[in-house]
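Reading through the structure tokens given below for one structure.
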Amino acid sequence: DKEQLFVRYYQQGEDEAYLYKIRLIDEFKSALESENSPLFMNYQPKLNINTGKIDKLEALIRWINSEGQFVNPEMFVGLAEKAGLIVTLTRWVILHVIQQIAQWNQAGYRFQVSINLSAQDIQHEQFVDYLLTTVEKYEVEATQITLELTERDLAENEGLVATRLNHLKTLGFEISVDDYGIGQSSLAKLKSLPVDELKIDKCFILTLDQCAKDQDIVSSTILLGHKLGLRVVAEGVENKESLALLKEFNCDYAQGYYLSKPVTADKLIQWYDDYEP
Ligand code: C2E
Ligand code: CA
Ligand code: CA
Ligand code: CA
497 DKEQLFVRYY QQGEDEAYLY KIRLIDEFKS ALESENSPLF MNYQPKLNIN
547 TGKIDKLEAL IRWINSEGQF VNPEMFVGLA EKAGLIVTLT RWVILHVIQQ
597 IAQWNQAGYR FQVSINLSAQ DIQHEQFVDY LLTTVEKYEV EATQITLELT
647 ERDLAENEGL VATRLNHLKT LGFEISVDDY GIGQSSLAKL KSLPVDELKI
697 DKCFILTLDQ CAKDQDIVSS TILLGHKLGL RVVAEGVENK ESLALLKEFN
747 CDYAQGYYLS KPVTADKLIQ WYDDYEP
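Numbered by UniProt numbering, the letters in the sequence shown go through residues 497 to 773 in order.
This is how it looks when you write it as structure tokens:
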């Protein structure tokens, strides 16, 4: 299938860029299979604005390639989606995150952790099975896992996606709509799908402290989310002014560089142990 991909891309022209991507896909495939993996998970804390505590994290994948450089996750996740590798990538993520949660639980650290999914994951026949088998194997509660999907992911194959999400809900997993506010027909989805959390896209949050329009959008999105019984998370909180505004708007959670960048599991715990609300 590597051959096929090569031919397909090569015929499209644009040799250089495609060849680079083919090499990257190939290298990523080995990374997924490697024992001593150049892949690892970073974790970014989410601040519970009401309690001042950190009780949730988002897991974000990282890859250091053979040249020792970080590859942009958005880029290689996108490539993995196109190359039919996303289901394998997500399994890798699920396994590593659940193992990490189990280790933290044993050490007395209890977090609810978000995992990012792609449209293909949720539609995959074995997805629920794999997730369930893995939490059971490591004795992690399903309620400790939140699944983040974007509005775009939720727009594909809606009937099947609704069935899957309802199944996951009954098993105890939580569902979050990521990058909320930049997609299409979002309101209909909030009505019909079993969603627990809204994550307001960072494009509205990054400049929140400087932009009255962002403030209007964010405060009314929080009101809407609450009316619908959802937890609302703001991502991309980079300064204390924005955090203060979110507090004023009654936002539930804040995530962003102001608190911490995504960091390795060890660094996260060091940071967490020192954290004072
Ligand atoms: P996302 O799910 O929207 O993740 C949030 C992104 O915002 C992360 O980028 C995070 O580092 C960044 N971020 C967090 N706080 C701030 C802030 O205060 N300011 C700014 N400017 N950025 C902030 P990252 O880690 O580079 O990931 C980019 C995207 O790649 C993710 O966007 C997600 O779509 C995808 N991704 C990352 N890890 C995974 C994964 O394990 N699985 C899947 N399917 N996708 C992933
Ligand atoms: Ca996310
Ligand atoms: Ca997001
Ligand atoms: Ca995204």
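Idealized CB from N, CA, C, for every residue including glycine.
Going by DSSP in three states, residue i sits in which element: helix, strand or coil?
{"i": "Pro773", "result": "coil"}
{"i": "Asp748", "result": "coil"}
{"i": "Ile550", "result": "strand"}
{"i": "Phe566", "result": "strand"}
{"i": "Ile678", "result": "coil"}
{"i": "Val691", "result": "coil"}
{"i": "Ile557", "result": "strand"}
{"i": "Ile545", "result": "coil"}
{"i": "Glu670", "result": "strand"}
{"i": "Asn662", "result": "helix"}
May I ask you to check if the CB of residue i is nearer than 8 angstroms to at least one heavy atom of ligand 2?
{"i": "Glu670", "result": "no"}
{"i": "Ser614", "result": "no"}
{"i": "Ser756", "result": "no"}
{"i": "Glu570", "result": "no"}
{"i": "Ser715", "result": "no"}
{"i": "Glu644", "result": "yes"}
{"i": "Ser688", "result": "no"}
By Cβ distance, which residues of its chain are closer than 7 angstroms to residue i, with the 5 residues on each side in sequence left out?
{"i": "Ala638", "result": "Val631, Leu667, Gly668 and Phe669"}
{"i": "Asp551", "result": "Asn544, Phe607 and Gln608"}
{"i": "Trp588", "result": "Leu528 and Leu535"}
{"i": "Gln735", "result": "In the sequence as presented, Gln is not what sits at residue 735; that position holds Asn. Asp705 and Tyr754."}
{"i": "Leu724", "result": "Leu686"}
{"i": "Ser533", "result": "Ala527"}
{"i": "His620", "result": "Val583"}
{"i": "Leu741", "result": "Leu704, Asp705 and Gln711"}
Who are the near neighbours of residue i in its chain, counting only those whose CB is closer than 6 angstroms to its CB and skipping five residues on each side?
{"i": "Pro758", "result": "Asn538, Gln540 and Leu556"}
{"i": "Gln596", "result": "Ala761"}
{"i": "Leu661", "result": "Ile671, Leu689 and Pro690"}
{"i": "Glu644", "result": "Ser610, Asn612, Ser672 and Asp674"}
{"i": "Ile618", "result": "Val657 and Arg660"}
{"i": "Gly548", "result": "Pro773"}
{"i": "Val567", "result": "Trp559 and Asn561"}
{"i": "Val728", "result": "Leu694, Ile718, Gly721, Cys747 and Asp748"}
{"i": "Glu554", "result": "Gln540 and Ser610"}
Looking only at its own chain, which residues have a Cβ that is under 8 angstroms from the Cβ of residue i, when we skip the five neighbours before and after it?
{"i": "Thr646", "result": "Val673, Asp674, Asp675 and Gly679"}
{"i": "Thr642", "result": "Lys552, Gln608, Val609, Ser610, Ile611, Phe669, Glu670, Ile671, Ser672, Asp692 and Glu693"}
State yes or no: is the C-beta of residue i nearer than 8 angstroms to some heavy atom of ligand 1?
{"i": "Tyr753", "result": "yes"}
{"i": "Thr703", "result": "no"}
{"i": "Leu556", "result": "yes"}
{"i": "Val733", "result": "yes"}
{"i": "Gln619", "result": "no"}
{"i": "Ile611", "result": "yes"}
{"i": "Thr666", "result": "no"}
{"i": "Thr547", "result": "no"}
{"i": "Val573", "result": "yes"}
{"i": "Asn538", "result": "yes"}
{"i": "Ile518", "result": "no"}
{"i": "Val624", "result": "no"}
{"i": "Val589", "result": "yes"}
{"i": "Leu650", "result": "no"}
{"i": "Leu585", "result": "yes"}
{"i": "Ile582", "result": "yes"}
Subject >> For review: beta carbons within less than 7 angstroms of any heavy atom in ligand 3 >> reply: Asp674, Asp675, Lys695, Asp697, Lys698 and Glu731
**OP:** Any chance you could list the beta strand (DSSP E) runs of at least 3 consecutive residues sitting entirely within the segment 697-772, in chain order?
**Re:** Runs of the beta strand (DSSP E) inside the segment 697-772: 727-731 and 749-751.
Original post:
At what residue ranges does the segment 559-646 contain a whole run of the beta strand (DSSP E), taking only runs of 3 or more?
Top reply: 608-612 and 641-646
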